[in-house]
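Each residue of the sequence shown is one higher than the one before, counting from 2 in my numbering. What follows is a short report on a single structure.
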Amino acid sequence: MNAPDTVTALTTAPTAMPDPQPCRIIGVLDDGAASLGATALALLRRADLVVGGTRALALFEDDIAPGATRRDLTGQLSAVPGWIAAARDAQQASVVLATGDPLCHGIASYLASRLCIEAIEVIPNVSTLQLACARLGLAWQDARIVSVHARDAGEWQQGAAPSHGLYALAQAVRAHDRLAVLTSPDNTPARIARLLVAEGLQDDFQLSVAERLCTADERVCADLAPADAAQQAFADPNVVLLVRTRQRPAPVRFGLPDAAYHQRQPDKGLITKQEVRAVSLARLQLRADSRVWDIGAGSGSVGLEAARLCPQGHVWAIEKNEADAAIARQNVQAFGVSNHTLVHGKAPEGLDAWPDPDAVFIGGSGGELAELIALCLKRLRPGGWLVMNFVTLENLAAATQALQAAGAAWDVLQLQAARSKPILHMHRMAAENPVWIVCAQAVGTEAPAASVVEEGA
């Protein structure tokens with residue numbers, strides 16, 4: 002018996018009609034017209050509008066039609082979509098010149114987000130990162146690509162905020178073994194080398210620099226020690242390759258023993274104990290990209306472990322006692338985290354300069370508890386958590402009263418741990434002081450942490 006005939010209905014999503022004259026975003030290299038295929042070169046020569054950086058426009062001066070409009074996008078990136086739209090309205094052909102692959106930290110993704118995707122056509126070239134790796138014989142499929150082509154924020158300092166132009170690189174060198182870095186005239190190879198020294202990684206990486214690729218002045222400096230490269234000058238433009246030379250440690254992210262931290266001597270204190278720290282971090286409900294406030298940081302233990310739990314986020318910590326702030330800085334240095342900013346001061350002063358947090362931990366209030374609670378509940382992003390630790394009944398009562406007055410839903414957990422201690426040939430349990438962990442959640446629908454969007458040409 003034959004099987005019955007079957008008819009399968011095939012449906013396809015509607016596709017947009019291709020634009021008959023899209024803006025062509027052409028990847029170019031520093032050998033000029035020699036870097037382009039015949040089709041790309043013909044499109045450039047026929048264009049009515051040519052947009053590019055100062056260097057690219059000069060490089061292709063002889064290949065731009067005499068009557069074409071030239072637009073230098075340097076410092077005017079936000080104006081480029083308008084220029085292209087105006088050319089389209091006037092039925093003019095437009096071309097944007099971009100370095101290498103326009104979709105690798107280039108202008109193409111920016112224009113695609115501002116114009117409809119059908120309005121552009123990307124004609125990529127070999128990226129400068131590919132060329133640099135080819136010159137050095139390095140496989141690059143597992144390399145972390147980082148762009149520091151941002152506004153100049155000066156030399157890297159430990160604890161710098163996420164707005165710093167080298168912040169993404171400082172984060173990446175902690176997590177990756179091979180990095181390809183797109184530099185800028187300000188964020189030079191020497192400055193990158195100094196970042197490695199500042200982060201204590203001068204013995205962990207070798208640095209290679211590929212200068213002025215595809216020109217007569219091309220030079221590749223391979224396997225430099227960061228301490229040496231930090232003192233050298235390199236020709237622009239250039240690309241930096243970082244290769245780790247010793248094994249990257251795999252740190253414990255949270256719940257470290259108290260002895261792992263520098264503490265006040267001879268009297269130990271102002272450290273959130275290991276068990277309380279672990280539960281407090283759990284109640285903060287951190288994500289990889291969370292922004293965290295650590296108020297009354299003490300030795301910094303909670304904030305430092307939060308920084309490890311939030312590799313794409315950042316921790317802002319404040320401690321009023323100068324001696325304890327100095328100890329916390331020692332711990333920051335010892336733990337090697339770059340997404341942690343420590344301030345010596347008394348909250349709430351200075352908190353206005355911090356971004357709204359996804360989570361707040363209060364380990365000490367300096368007598369400003371009610372004001373701090375009100376401020377934190379106001380500033381917390383929707384769905385964020387406020388977690389506080391108390392060892393006295395009076396502070397517990399003050400906290401719950403402040404939460405009640407603010408109309409916040411809250412809960413209290415009492416945690417009392419006991420640790421084994423040797424006694425003769427046996428062991429006994431020695432109780433730690435009880436700690437109250439008070440938690441309150443900001444009202445509203447939970448929202449992801451804001452991310453920094455880089456716009457580059």
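Beta carbons: idealized from backbone N, C-alpha and C, even for Gly.
Restricting to Cα atoms, I'd like to know which of A354, L243 and A69 is closest to R380. Your numbering for residue 380 matches position 379 in the sequence shown. Ranking the options by Cα distance to R380, first place goes to A354.
Legend entry - G368 (DSSP reduced to helix, strand or coil): Residue mapping note: residue 368 aligns to position 367 of the sequence shown, counting from 1. DSSP places G368 in coil when its eight states are reduced to three.
Enclosing alpha helix (DSSP H) for W437 [first to last residue]
Reading the sequence shown from its first residue, position 436 is the one you call residue 437. Note, W437: premise wrong, no alpha helix (DSSP H); beta strand (DSSP E) at V436 to Q442.
Item checked: Residues that E320 bridges to, as DSSP identifies them -> The sequence position of residue 320 within the sequence shown is 319, counting from 1. H345, per the DSSP bridge assignment.
Across the region 415–429 and the region 307–327, are there enough close Cβ pairs to call them in contact, namely three or more that are closer than 8 angstroms?
no
I124 and G28 - do their beta-carbons sit closer together than 8 angstroms?
Within the sequence shown, numbered from 1, the residue matching residue 28 stands at position 27. Within the sequence shown, numbered from 1, the residue matching residue 124 stands at position 123. Against a cut-off of 8 angstroms, the Cβ pair of I124 and G28 comes out as a contact.
* Counted within 10 angstroms of its Cβ, other Cβ atoms place G445 as buried (16 or more) or exposed -> As a position in the sequence shown, residue 445 is number 444, starting the count at 1. Exposed, because fewer than 16 other Cβ atoms sit within 10 Å of the Cβ of G445.
| said: Please tell me whether A144 and A181 are closer than 8 angstroms, where the distance is taken between their beta carbons. | reply: Position 143 of the sequence shown, counting from 1, holds the residue named residue 144. Position 180 of the sequence shown, counting from 1, holds the residue named residue 181. It is a contact, given that the beta carbons lie within the stated cut-off.
What number of angstroms, rounded off, separates the C-alpha of S281 from the C-alpha of V388?
Taking the sequence shown and counting its residues from 1, one reaches residue 281 at position 280. Taking the sequence shown and counting its residues from 1, one reaches residue 388 at position 387. For S281 and V388, the distance between alpha carbons rounds to 7 angstroms.
Would V303 pass as a contact of T273 if the rule is Cβ separation under 8 angstroms? Taking the sequence shown and counting its residues from 1, one reaches residue 303 at position 302. Taking the sequence shown and counting its residues from 1, one reaches residue 273 at position 272. Against a cut-off of 8 angstroms, the Cβ pair of T273 and V303 comes out as a contact.
- CB contact flag (P358, R330, <8 angstroms): As a first step, residue 358 is located in the sequence shown; it is residue number 357 there, counting from the start. As a first step, residue 330 is located in the sequence shown; it is residue number 329 there, counting from the start. No; because the gap between Cβ atoms is not below 8 angstroms, this pair is not in contact.
_Quick check on the DSSP output: what are the complete beta strand (DSSP E) runs of length 3 or more inside the region 108–187, in order along the chain?_
121–124, 145–148 and 179–183
Which class does N3 belong to by DSSP, given the choice of helix, strand or coil?
To locate residue 3, count along the sequence shown from 1; it is residue 2. Because N3 sits at a pLDDT of 47, beneath the cut-off of 50, its placement in the model cannot be relied upon, and the following sentence gives the value as read from the coordinates. Correct three-state label for N3: coil.
Do T184 and V149 have their C-beta atoms within less than 8 angstroms of each other? Here residue 184 is taken as the residue at index 183 of the sequence shown, counted from 1. Here residue 149 is taken as the residue at index 148 of the sequence shown, counted from 1. Contact: yes.
* Classification of R25 by the beta-carbon crowding that lies within 10 angstroms, buried from 16 upward -> Walking along the sequence shown from the start, residue 25 turns up at place 24. It is buried - the Cβ of R25 has at least 16 other Cβ atoms within 10 Å.
| said: Quick check on S114: buried or exposed, where buried means 16 or more other Cβ atoms within 10 Å of its Cβ? | reply: On the sequence shown, residue 114 is found 113 positions in, with the first residue counted as 1. Burial call: exposed.
Worksheet item: Secondary structure at G83, three-state DSSP: helix, strand or coil?
Response: By one-based count along the sequence shown, residue 83 stands at place 82. Looking at G83 - three-state DSSP - the assignment turns out to be helix.
What three-state label does DSSP hand G313 in the structure shown? Here residue 313 is taken as the residue at index 312 of the sequence shown, counted from 1. For the record, residue 313 in the displayed sequence is Gln; it is not Gly. If DSSP states are grouped into helix, strand and coil, Q313 belongs with coil.
ask   = What is the rounded straight-line gap between the Cα of W294 and the Cα of A360?
value = Locating residue 294 in the sequence shown gives position 293, counting from the first residue. Locating residue 360 in the sequence shown gives position 359, counting from the first residue. For W294 and A360, the distance between alpha carbons rounds to 6 angstroms.
Exercise. Please state if the CB of A171 and the CB of L300 are separated by a distance shorter than 8 angstroms.
Key: Locating residue 300 in the sequence shown gives position 299, counting from the first residue. Locating residue 171 in the sequence shown gives position 170, counting from the first residue. According to the sequence shown, residue 300 is Ser rather than Leu. Result no, Cβ atoms of S300 and A171 do not sit closer than 8 angstroms.
Exercise for the section: Please name the residue, chosen from A298, K347, L287 and R429, that lies closest to G385 on a Cα-to-Cα basis. Expected result: Here residue 385 is taken as the residue at index 384 of the sequence shown, counted from 1. Checking every option, the nearest Cα to that of G385 belongs to L287.
Quick check on DSSP: helix, strand or coil for I363? Within the sequence shown, residue 363 is the residue found at index 362, counting from 1. Looking at I363 - three-state DSSP - the assignment turns out to be strand.
When you compare the CB positions of R175 and G368, do they come within less than 8 angstroms of one another, or not?
Counting from 1 along the sequence shown, the entry for residue 175 is found at position 174. Counting from 1 along the sequence shown, the entry for residue 368 is found at position 367. In this structure, G368 does not lie closer than 8 angstroms to R175 by Cβ.
message: Using C-beta distances below 7 angstroms, list every residue in its chain close to A431, excluding the 5 sequence neighbours before and after it, in chain order.
response: Against the sequence shown, residue 431 aligns to sequence position 430. If we look at A431 and ignore the five residues flanking it on each side, its Cβ neighbours are A419, R420 and K422.
Please work out which residues of its chain come closer than 7 angstroms, Cβ to Cβ, to D259, disregarding the five sequence neighbours upstream and downstream, and give them in chain order.
Working through the sequence shown from its first residue, we reach residue 259 at position 258. I272, K274 and Q275, listed in sequence order.
Which residue wins for smallest C-alpha separation from S209, given the options A375, A135 and L78? Within the sequence shown, residue 209 is the residue found at index 208, counting from 1. When each option's Cα is compared against that of S209, the closest is A135.
Top-ranked residue by Cα proximity to A308, from I296, R292, E323 and A400: As a first step, residue 308 must be located in the sequence shown, where it is residue number 307. With distances taken between Cα atoms, A308 lies closest to R292.
Open item on the list: Tell me which residue opens and which closes the beta strand (DSSP E) that R245 is part of.
Closed with: Along the sequence shown, one-based indexing puts residue 245 at 244. Note, R245: beta strand (DSSP E), N239 to R245.
key: Span separating the alpha-carbon of A410 from that of I374   = Mapped onto the sequence shown, residue 410 falls at position 409. Mapped onto the sequence shown, residue 374 falls at position 373. Computed Cα separation, rounded: 13 angstroms.
Exercise. So, I438 versus N390, is the Cβ gap smaller than 8 angstroms?
Worked result: Sequence index remark: in the sequence shown, residue 438 carries index 437 (1-based). Sequence index remark: in the sequence shown, residue 390 carries index 389 (1-based). Closer than 8 angstroms, so yes.
Output the boundary residues of the beta strand (DSSP E) element that contains P227.
Here residue 227 corresponds to residue number 226 of the sequence shown, with the count starting at 1. Not the beta strand (DSSP E): P227 falls in the alpha helix (DSSP H), residues P227 to A230.
Stretch-stretch touch, CB-based, cutoff 8 angstroms, three pairs: the region 29–36 with the region 58–65
yes
Report yes if the CB atom of W157 is closer than 8 angstroms to the CB atom of A99, and no otherwise. Here residue 157 is taken as the residue at index 156 of the sequence shown, counted from 1. Here residue 99 is taken as the residue at index 98 of the sequence shown, counted from 1. For W157 and A99, no; Cβs fall outside 8 angstroms.
Practice prompt. State the DSSP-derived secondary structure class of N396, mapped to helix, strand or coil.
Written response: Along the sequence shown, one-based indexing puts residue 396 at 395. In this structure, N396 counts as helix in the three-state DSSP scheme.
- Query: Near V413, which residues of its chain fall below 6 angstroms by C-beta distance, leaving aside the five closest residues on each side in sequence?
  - Reply: Walking along the sequence shown from the start, residue 413 turns up at place 412. Answer for V413: W437 and V439, listed in chain order.
Check your understanding: Helix, strand or coil: how does DSSP classify G445 here?
Key -> Start at 1 with the first residue of the sequence shown, and residue 445 comes out as number 444. It is coil, neither helix nor strand.
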